[in-house]
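S.K.: For the sequence shown, position 272 matches number 261 in the numbering used here, and the numbering has no gaps at all.
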Amino acid sequence: MKGIYVITLPDRSGSRGLKERIYPEAIRRELAEKVSFFETLASADELEPRREELRQVEVIFTTWGMLALSEGQIQDYFPSLRAVFYGAGTVQGFARPYLNRGVRIFSAASANAFPVAEYTAAQIVLANKGFFQASRLYQKQEMKAARAHAMAMPGNYGTKVGIIGAGMIGKRVIGLLKNYRLEIEVFDPFLPQDQADALGVCKTELPELFSECQVISNHLANNDQTRGMLDYALFSRMKPSAVFINTGRGAQVVEADLVRALREEPGRTAVLDVTDPEPVQEGHPFYELPNVILTPHIAGSMAGELARMGTFMRDAFLCYEKGEPSGYEVTLPMLETMA
């Protein structure tokens, strides 16, 4: 079987050595026992010069920055391609033309769900203790105000937490929070009632979730239907000390509306690991508002966590080779609801 690593690195910090982190030597050596790999394809500029070589490729192992090709380009340059193993998260940016051509797509999104859920659960626990604003006030040498803010927060016993989107990550967050006595409300039109009952959560609508929950965490799928879905009508319902956490996608938030709601109630807090665009543009109020916590898109897999995605794709390939289901495959219908 002929294969290739397609590593088209995104323009972001920490991308150097990404192939070696996601597909470390042990995994590459194991795969090389079954696949004859060509040299890494690092850019679309290499397609034409390597045309004859690429025509032999049957499987691709790749990660962030996967080549987004048209169906015509796939047919022209990769006529023998049968499967893509994507050691990263969402495949929305490239998958449809490949799937339309009958190329199977396998994604390590479930592996990336682990660190995102861990990050989110940690932020929720801290938020219920008033960590973010109490820390800021204490650093300003306002100990009394810091204590007052923290003491006014509900803590992690019987507090309502809202999860927007009970997909792969949302469900894992819910699972991690089971160790706490929290009441979890969920907005997800695609979540059947029997699954909600099994998760131990209460299904609700967005207005009620924003009104009733102390912490609201966004895990919506990223598509045209969810763009701009979280607006002032919702943010204005937040409690005076509520916290909004976004590890989903920035495009789902109307940022001007969030800024307005945060200014109206300075006790509210936003913890934003994602924005639209990234990074936040110069001069944006997010940089100045004391009740906004920005982190540089770090909730997903980083450092040693990256190897988990390569491991998942190795396992997916071994199942693919045997003709067995792996649980990592992505289909066209799945793209309609997944992140």
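For every residue, glycine included, the Cβ atom is placed at its ideal position computed from N, Cα and C.
What residue range is occupied by the uninterrupted alpha helix (DSSP H) comprising residue 42?
M.R.: Translated into the one-based positions of the sequence shown, residue 42 becomes position 53. Start and end: 40 to 43.
S.K.: What is the DSSP secondary structure of residue 314, reduced to helix, strand or coil?
M.R.: Locating residue 314 in the sequence shown gives position 325, counting from the first residue. The answer is coil: DSSP assigns residue 314 none of H, G, I, E or B.
S.K.: Applying the criterion that 16 or more other CB atoms from any shown protein chain within 10 Å of the CB defines a buried residue, is residue 354 buried or exposed?
M.R.: Since the first residue shown for the chain is -10 and the last is 328, residue 354 is missing from the structure and cannot be characterised.
S.K.: By DSSP, does residue 307 sit in helix, in strand, or in coil?
M.R.: Against the sequence shown, residue 307 aligns to sequence position 318. Here residue 307 sits in helix by DSSP.
S.K.: Over the uninterrupted alpha helix (DSSP H) stretch that includes residue 102, give me the two end residues.
M.R.: As a first step, residue 102 is located in the sequence shown; it is residue number 113 there, counting from the start. Counting along the chain, the alpha helix (DSSP H) containing residue 102 begins and ends at 98 to 117.
S.K.: What is the rounded straight-line gap between the Cα of residue 111 and the Cα of residue 70?
M.R.: Reading the sequence shown from its first residue, position 122 is the one you call residue 111. Reading the sequence shown from its first residue, position 81 is the one you call residue 70. So the two alpha carbons sit approximately 41 Å from each other.
S.K.: With DSSP collapsed to three states, give me the class of residue 260.
M.R.: Indexing the sequence shown from 1 puts residue 260 at position 271. Residue 260 falls in the strand class under three-state DSSP.
S.K.: List the DSSP bridge partners of residue -8.
M.R.: For the purposes of this step, residue -8 is identified with residue 3 of the sequence shown, where counting begins at 1. Note: residue -8 sits in a beta bridge opposite 26 and 48.
S.K.: Which residue comes first and which comes last in the alpha helix (DSSP H) that contains residue 161?
M.R.: Position 172 of the sequence shown, counted from the first residue, corresponds to residue 161. Residue 161 -> alpha helix (DSSP H) spans 157 to 165.
S.K.: Please decide whether residue 130 counts as near chain C, where near means a Cβ-Cβ distance under 7 Å.
M.R.: Included in the structure is just one protein chain, with no chain C present.
S.K.: From 160, 85, 64 and 26, pick the residue whose C-alpha is nearest to that of residue 323; which is it?
M.R.: Position 334 of the sequence shown, counted from the first residue, corresponds to residue 323. Measuring from the Cα of residue 323, the nearest candidate turns out to be 85.
S.K.: Measure the alpha-carbon distance for residue 7 versus residue 290 and round it to whole angstroms.
M.R.: Reading the sequence shown from its first residue, position 18 is the one you call residue 7. Reading the sequence shown from its first residue, position 301 is the one you call residue 290. The alpha-carbon separation between residue 7 and residue 290 amounts to approximately 11 Å.
S.K.: Can you look up residue 226 in the DSSP assignment and give me helix, strand or coil?
M.R.: Residue 226 sits at position 237 when you count from the first residue of the sequence shown. DSSP places residue 226 in coil when its eight states are reduced to three.
S.K.: Touch check for the region 270 to 286 and the region 296 to 312: three-plus C-beta pairs under 8 Å?
M.R.: no
S.K.: Is the Cβ-Cβ distance between residue 382 and residue 161 less than 7 Å?
M.R.: What the structure shows of the chain is the stretch from -10 to 328, and residue 382 is not part of that stretch, so it cannot be assessed.
S.K.: Taking the beta carbon of residue 147 as the centre, do at least 16 other beta carbons fall within 10 Å, making it buried, or is it exposed?
M.R.: Within the sequence shown, numbered from 1, the residue matching residue 147 stands at position 158. Exposed is the call here.
S.K.: For the structure I just gave you, are there three or more beta carbon pairs, one from the region 184 to 202 and one from the region 149 to 168, closer than 8 Å?
M.R.: yes
S.K.: Would you tell me roughly how many angstroms separate the C-alpha atoms of residue 12 and residue 203, rounded to the nearest one?
M.R.: Locating residue 12 in the sequence shown gives position 23, counting from the first residue. Locating residue 203 in the sequence shown gives position 214, counting from the first residue. Distance between the alpha carbons of residue 12 and residue 203 is about 40 Å.
S.K.: In or out: residue 154 buried (at least 16 other Cβ within 10 Å) or exposed?
M.R.: The residue given as residue 154 occupies position 165 in the sequence shown. Per the 10 Å Cβ criterion, buried.
S.K.: Where do the N-terminal and C-terminal ends of the alpha helix (DSSP H) with residue 89 fall, by residue?
M.R.: On the sequence shown, residue 89 is found 100 positions in, with the first residue counted as 1. It spans 84 to 89 - the alpha helix (DSSP H) in which residue 89 sits, taken as one unbroken run.
S.K.: Got a sec, what are the start and stop residues for the alpha helix (DSSP H) residue 14 sits in?
M.R.: Numbered from its first residue, the sequence shown carries residue 14 at position 25. Note, residue 14: alpha helix (DSSP H), 14 to 21.
S.K.: Would you kindly check if the distance between the Cβ of residue 92 and the Cβ of residue 51 is under 7 Å?
M.R.: In the sequence shown, counting from the first residue as 1, residue 51 sits at position 62. In the sequence shown, counting from the first residue as 1, residue 92 sits at position 103. Cβ distance not < 7 Å, so residue 51 and residue 92 don't count as in contact.
S.K.: So who's on the other strand from residue 146, going by DSSP bridges?
M.R.: Position 157 of the sequence shown holds residue 146. DSSP output for residue 146 lists 170 as bridge partner(s).
S.K.: Measuring alpha carbon to alpha carbon, tell me which of 249, 321 and 54 ends up nearest residue 75.
M.R.: The sequence position of residue 75 within the sequence shown is 86, counting from 1. It is 54.
S.K.: Starting from the Cα of residue 231, find the closest Cα among 251, 48 and 214 and give me that residue.
M.R.: Residue numbering aside, residue 231 sits at position 242 when the sequence shown is read from its first letter. Among 251, 48 and 214, the Cα nearest to that of residue 231 belongs to 251.
S.K.: Which residue wins for smallest C-alpha separation from residue 214, given the options 48, 242 and 236?
M.R.: Within the sequence shown, the letter at position 225 stands for residue 214. Per the Cα distances, 242.
S.K.: Please name the residue in 34, 94, 80 and 77 whose C-alpha comes closest to that of residue 66.
M.R.: Locating residue 66 in the sequence shown gives position 77, counting from the first residue. When each option's Cα is compared against that of residue 66, the closest is 34.
S.K.: Tell me the rounded alpha-carbon separation between residue 216 and residue 240.
M.R.: In the sequence shown, the residue the question calls residue 216 occupies position 227. In the sequence shown, the residue the question calls residue 240 occupies position 251. Cα-Cα distance, rounded: 5 Å.
S.K.: Looking at the structure shown, is residue 63 part of a helix, part of a strand, or coil, going by DSSP?
M.R.: Here the question's residue 63 lines up with position 74 in the sequence shown. If DSSP states are grouped into helix, strand and coil, residue 63 belongs with the helices.
S.K.: Could you tell me which residues DSSP pairs with residue 153 in its beta bridges?
M.R.: By one-based count along the sequence shown, residue 153 stands at place 164. DSSP lists 176 and 207 as partners of residue 153.
S.K.: Taking the Cβ atom as the reference point for each residue, do residue 260 and residue 282 lie within a distance shorter than 7 Å?
M.R.: Translated into positions along the sequence shown, residue 260 becomes position 271. Translated into positions along the sequence shown, residue 282 becomes position 293. Yes, the Cβ-Cβ distance between residue 260 and residue 282 is below 7 Å.
S.K.: Relative to the alpha-carbon of residue 116, which residue among 47, 305, 285 and 140 has its alpha-carbon at the smallest distance?
M.R.: For the purposes of this step, residue 116 is taken as the residue at position 127 of the sequence shown. Ranking the options by Cα distance to residue 116, first place goes to 140.
S.K.: With burial defined as no fewer than 16 other Cβ atoms inside 10 Å of the residue's Cβ, what is the status of residue 137: buried or exposed?
M.R.: Position 148 of the sequence shown, counting from 1, holds the residue named residue 137. Exposed is the call here.
S.K.: Tell me the residue span of the beta strand (DSSP E) that contains residue 75.
M.R.: The residue labelled residue 75 in the question sits at position 86 within the sequence shown. Where residue 75 is concerned, the enclosing beta strand (DSSP E) stretches over 72 to 75.
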